[in-house]
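Enquirer: Going by the numbering used here, the first residue of the sequence shown is number 9, and it counts up by one from there. Pasting a structure below so you can have a look.
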Amino acid sequence: MAALALQAETIFRLDARLRIVGENDPDSSRGPLAFVGGCPGGVLVRLHVDVSAADAAEAERLAGSTPWSDTAADPPG
């Protein structure tokens with residue numbers, strides 16, 4: 009999970025709440041509303057500062073309750 013967090017910190021400019029302020033590029037692009045990454049350690053969510061607190065809480069709740077799956081290694085039966 010630490011590798012995903014590092015990836016998000018590298019790709020995006022994050023505020024103290026770990027919300028996306030923009031992309032970490034020369035243009036300072038706005039960035040996406042959401043970044044979602046998964047690994048065997050869990051699901052990481054980083055949301056844009058423009059996402060409301062209620063929507064952010066719901067997205068984080070869903071991510072925390074969603075098991076990670078590697079569909080390439082674990083195809084549906």
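The beta carbon of each residue, even a glycine, is placed where N, CA and C say it ideally should be. Computed from a predicted structure; not experimentally measured.
Do you know how far the Cα of Glu68 is from the Cα of Gly49?
Expert: Here residue 49 refers to the residue found at position 41 when the sequence shown is read from its first residue. Here residue 68 refers to the residue found at position 60 when the sequence shown is read from its first residue. Taking the straight line from one Cα to the other gives about 15 Å.
Enquirer: Which stretch, first to last residue, makes up the alpha helix (DSSP H) that contains Leu14?
Expert: Stepping through the sequence shown from its first residue, residue 14 is reached at position 6. 10 to 19 is the extent of the alpha helix (DSSP H) around Leu14.
Enquirer: Tell me the rounded alpha-carbon separation between Asp63 and Gln15.
Expert: The residue labelled residue 63 in the question sits at position 55 within the sequence shown. The residue labelled residue 15 in the question sits at position 7 within the sequence shown. One C-alpha to the other measures close to 23 Å.
Enquirer: By a C-beta neighbour count over all protein chains shown, 10 Å radius and 16 as the cutoff for buried, is Gly72 buried or exposed?
Expert: Against the sequence shown, residue 72 aligns to sequence position 64. When all chains shown are included, Gly72 counts as exposed.
Enquirer: Consult DSSP for Arg6 and reduce its assignment to one of helix, strand or coil.
Expert: With the chain covering only 9 through 85, there is no way to say anything about residue 6.
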